[in-house]
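Q:
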Amino acid sequence: MTTHSLTGAVASRFYSRWLAADPARPEQLASVAGLSLGPAVFAKVLQNETAAGMPLPRAMRRLRNLAIAVLIERDLSGKADLAEVVSTMTSLAEFAVQHHVTALTEEFIERHGTPIGQDSGKRQDLIVLGMGKLGGGELNVSSDIDLIFVYPEDGETQTTQPDQKSLSNHEFFTRLGKRLIKDIADITEDGFTFRVDMALRPNGNSGPLVASFGMVEEYLLVQGREWERYAWVKARALTGDPDEIAALEAIIKPFVYRRYLDFGAIEAMRGMHAQIRAEVVRQETRHPERSHNVKLGRGGIREIEFLSQVFQLIRGGRDTELRDRSTRTTLRTLAAKQLLDPDEVDQLLEAYTFLRNLEHRLQYLEDAQTHTLPVSDEDRLVVANMMGYADTAALLDALETRRKFVAASFDAIFAEKSGQEGDKEDNQAASQVTLAPNDDLDSLQTSLEGLGYTNPREAAQRLLTTLQSSRLQSLPEASRNRVIALINSALPLVASCPDAQNDTLNRLLDFFETIARRAAYLALLTEYPHALRRVVRMMHSSGWAAQYLTRHPILLDELLDDRTLRAAPDWSAFSAELQRQMDATEGDTERQMDTLREMHHAQLMRLLAQDLEGDLSVERLADHLSCLADILVGATVKAAWQTIPKRHREVPKFAVIAYGKLGGKELGYASDLDVIFLYDDDDQEAPAYYSKLAQRFITWMTSHTAAGILFDVDIALRPDGASGLLVTSVTSFEKYQMESAWLWEHQALTRARFCAGDADIGARFESIREAVLRKPREEASLKHEVLAMRKRLREAHPNASTLFDLKHDEGGMIDIEFMVQYLILRHAAQYAELVPDIGNIALLKLCGKLGLINSELAEKTADAYRKFRKLQHQVRLQGADKARVAPQRVEKDVTAVTQLWAEIFA
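For the sequence shown, the positions run 1314 to 2219 when my numbering is used.
#1: Taking C-beta to C-beta, are L1277 and R1641 nearer than 9 Å?
#2: Measuring CA to CA, which of T1666, V1695, Y1841 is closest to T1679?
#3: Mapping DSSP to helix, strand and coil, what is T1759?
#4: Going by CA-CA distance only, name the one from V2133, V1964, G1520 that's closest to W2214.
#5: Consult DSSP for S2042 and reduce its assignment to one of helix, strand or coil.
#6: With three or more C-beta pairs closer than 8 Å as the rule, is the segment 1363-1383 touching the segment 1392-1409?
#7: Nearest CA to the CA of H1605: which residue from A2007, A1711, S1519, S1930?
#8: Enumerate in chain order the residues of its own chain whose CB-to-CB distance from A1581 is below 6 Å, with the five nearest sequence positions on each side excluded.
#9: Can the beta-carbon of A1324 be found less than 9 Å from the beta-carbon of N1698?
#10: Note the first and the last residue of the continuous alpha helix (DSSP H) segment covering Q1814.
#11: Grab me the residues of Y2049's own chain with a C-beta within less than 7 Å of its C-beta, minus the 5 sequence neighbours each way, in chain order.
#12: Kindly indicate which residue of G1701, A1808, V1931 has the alpha-carbon position closest to the one of G1981.
#13: Could you tell me which of N1815, A1859, A1813, L1869 sits nearest to A1832, measuring between CA atoms?
#14: Using a Cβ-Cβ cutoff of less than 7 Å, which residues in the same chain neighbour P1515 once the five nearest sequence positions on both sides are dropped?
#15: Classify L1754 as buried or exposed, calling it buried when 16 or more other Cβ atoms lie within 10 Å of its own Cβ.
#16: Which ranges does the alpha helix (DSSP H) cover as unbroken runs of at least 4 residues, wholly within the segment 2040-2093, from first to last along the chain?
#17: Exposed or buried, which one is L1656 when buried takes at least 16 other CB atoms within 10 Å?
#18: Under 8 Å, with one C-beta from each stretch per pair, do the segment 2141-2150 and the segment 2113-2120 reach the 3-pair mark?
#19: In terms of alpha-carbon separation, which member of A2076, K2088, W2057, R2082 lies closest to L2100?
#20: On the three-state DSSP scale, how would you describe D1499?
#21: Quick check: is any heavy atom of the ligand COA less than 8 Å from the C-beta of R1508?
#22: Do A1803 and M1851 have their CB atoms nearer than 9 Å?
#23: Pick from L1686, L1442, V1569: whose alpha carbon is nearest that of L1635?
#24: Suppose you measure from the CA of H1425 to the CA of L1359; what does that come to, to the nearest Å?
#25: From which residue to which residue does the beta strand (DSSP E) around I1944 run?
#26: Would you say the segment 1964-1973 touches the segment 2068-2075, given that touching needs at least three Cβ pairs under 8 Å?
#27: Given Q2060, which residues of its chain have a CB within under 6 Å of its CB, disregarding the five upstream and five downstream residues?
#28: Taking the beta strand (DSSP E) that S1525 belongs to, which residues open and close that run?
#29: Kindly indicate which three-state DSSP category V2099 falls into: helix, strand or coil?
#30: Enumerate in chain order the residues of its own chain whose CB-to-CB distance from E1998 is below 8 Å, with the five nearest sequence positions on each side excluded.
#31: Taking the C-alpha atoms as reference points, what is the distance between T1877 and Y2178?
#32: According to DSSP, what are the bridge partners of Y1468?
#33: Look at the Cβ atom of F1576, then the Cβ atom of A1664, and state whether they are nearer than 9 Å.
#34: Distance, Cα to Cα, S1329 vs L1534?
#35: Do A1829 and L1891 have their beta-carbon atoms positioned less than 9 Å apart in this structure?
#36: Let me make sure I understand the geometry here. Which of L1799, G1490, A1971 has the alpha-carbon closest to that of T1839?
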């Protein structure tokens, strides 16, 4: 491809005619062609025209023609890129609409009085909404402008002169709107300023020309169709009062952006695209010369716009960064968020630039609103030369390359998914059975036998229960058929499970029944068959995972992209994104609480998927879960503090200290948080403020919202336990630990650490902790108290089963933890390296290395602890309340633990 090789005079007949019509125009063009046009230049040119006696409509047309000529000159000479061309045209349209509305409003008020709202008593102004490419800031050089006229309130005009004729506000703005269209769009000796299309207004061309806010709200709520959501994404107010515009946007937003992920948008936009394509094909069949439609044809501009906007409709309700009206900006955001591959987005943006540049050159020929290559060979060659190609064939080759890429990207999202994905075996199995809502038990059993179910009668009975359930029967037919289609797709996948087929089926049908009324989730699993396969795998692998996904089906979204699902967590990026979202909703406590939960659940689902795929060890998983909890605790403290009125400082001198599993970084999926609260603030109101902060922290953590719960919180380890204060000053905490704490509280301190909040308080805590743990202790009394506490715990958790309780039984995890705690309290005075909270396994090995215990037994016990944790994790993943296994599975490990126990406490 070469550089642009034609001037405007050679390439554009419109340009040549415009120049030749007035000898002054070449000089006028030269005076502004070196500039990037904008409102300041527009205003100056318009003022010159009106000062010469031109009425505003004619002056605006002359300005528009000059602007088009300048853009042709700058674009074809390489001085302007696509961004300048579309922003200039957008700015010109805004300038024209605003100036005409201002002038017409003054004229109509002088004639009919000022429109006043019947409820507010305030002046009413016309709000002109720019739709389509005007709304998106990406207007074509010869485009029409899609407009909608709205006004806030009904009422009447308030007259001040006897010759003024009062009108209803609706009639006032209807007349004003008609004049606005006439003044902008009528073709005169100077052409037009912009063609105007009003078809996107409520009820289309059959609806009233203008609508009040109330009319807009009722229409969108009652009659608004899916394709209109696509259109209203671009809606942008060009005129009007900022407060009224904000009120209008509050009406539009819930219609366009659903609160939850809306994968039903894919099917809706697929249908709209099919209608557009059918019309294009019909036109091309009747008029073969109209082929190569760069806007609506296969792989054209519209498909790139659809690719961009479908993600906005699906996710824009939850992610405000996806609400930008610009196609190019949205594509870049999709790349930044890894929703589309960055390399793919780069190619889409290049294709978009190519297609839009080509579209402009098609329009430069005659200033015509065309999107197809011209009929004549001569004009096609001119267009090819404008695009920098030596001949038409080279242009068509370049066009075809880009259209193929765009079409492939479009199909990856919008193509019908049925039968296109999945293993051949899955598809072959699926083709063997198609269940119907009226199938009886015997026919279901026969179908399941054909799929290879090991217990088809039991599976058929459960399937029949679901098919005949009131929940399924009461669904709209479309939703019921979609659920049945998903069951048909899932049955072969369940049959391929090597074991626990019926357990998997039961979990899956429970899940389908839960989401049956949520069309968005049904659409997601229909549109993304690989997500359905992953759901089945999760249901088979873990009863706990099945319950978790059933409680939080919104997490289905996390199963779509293997890149993000399998990627190692980036906790710094997660923390920054969490804080960004919290800051964006500051003052909205409910939304912030949901944000914390949603981001926690999403990250938990990713870790769970990696865990079930065998990508994470138990220790690595616990590290990730603990880090995740630390970030959420910190964000909650920061947000909760902002809700306290009359707080005496902006940043609280307050810290959360973690104990137990969080303190030891051994957190599990469903672990609660053992924490205490410390502060270091001399203000006389500090205790009250920080007590309120702690209370709100607990509320934020434990409250059930629409998004579920964050964490259960246990504060029993605070000084003086349940009878103690909710928050403690650092000084009081130090005194308590050194003078009043029970030994078991010092045992708990071995697994405590600073979690979140004020880092200086965290450092003070670590110093106190070290001093306490390194206190010299008398061996006999220490053993006595540790053994007494262990006895009480064992008596509190009797095990009458024949299974071994991994946590509580003799030789189990608590025995190991008590040995480690004893060794720290007994020897840390002499060995400072025992103080850091490095985990039980590392501490056991360290004690063996230091000669405090038999090193071989230390290794065996460390291995036993690792094995116990892994087994406990596996049992919990199946949804069991108690972590118990057959004794023979851990016999050698238990022996090693009891031998070390005997050695230490003999």
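Beta carbons: idealized from backbone N, C-alpha and C, even for Gly.
These numbers were taken from a predicted model, which means no experiment stands behind them.
A: According to the structure shown:
#1: Missing from the structure shown is residue 1277; the chain here goes from 1314 to 2219 and no further.
#2: According to the sequence shown, residue 1679 is Glu rather than Thr. Here the closest residue by C-alpha is V1695.
#3: helix
#4: V2133
#5: strand
#6: yes
#7: It is A1711 whose Cα lies nearest to the Cα of H1605.
#8: If the five residues before and after A1581 are omitted, its C-beta is found closer than 6 Å to the C-beta atoms of E1539, all from its own chain and listed in chain order.
#9: yes
#10: 1814-1828
#11: In chain order, P2032 place their CB closer than 7 Å to the CB of Y2049, counting only its own chain and leaving out the 5 sequence neighbours on each side.
#12: V1931
#13: L1869
#14: A1524, M1528, V1529, Y1532
#15: exposed
#16: Restricting attention to alpha helix (DSSP H) runs no shorter than 4 residues, the segment 2040-2093 encloses them at 2043-2052, 2056-2062, 2072-2086, ordered along the chain.
#17: According to the sequence as given, residue 1656 is Asp; it is not Leu. Flag for D1656 reads exposed.
#18: no
#19: W2057
#20: coil
#21: As presented, the structure is devoid of all ligands, the ligand COA included, so that no description of it is given.
#22: no
#23: Ranking L1686, L1442, V1569 by Cα distance to L1635 puts V1569 first.
#24: 28 Å
#25: Element bounds for I1944: not the beta strand (DSSP E) but the alpha helix (DSSP H), 1931-1955.
#26: yes
#27: Q2134
#28: Residues 1523-1525.
#29: Three-state DSSP puts V2099 in a helix.
#30: H1961
#31: 32 Å
#32: Note that residue 1468 corresponds to Gly in the displayed sequence, not to Tyr. Looking at the DSSP assignment, G1468 forms a beta bridge with G1430.
#33: no
#34: 50 Å
#35: no
#36: L1799
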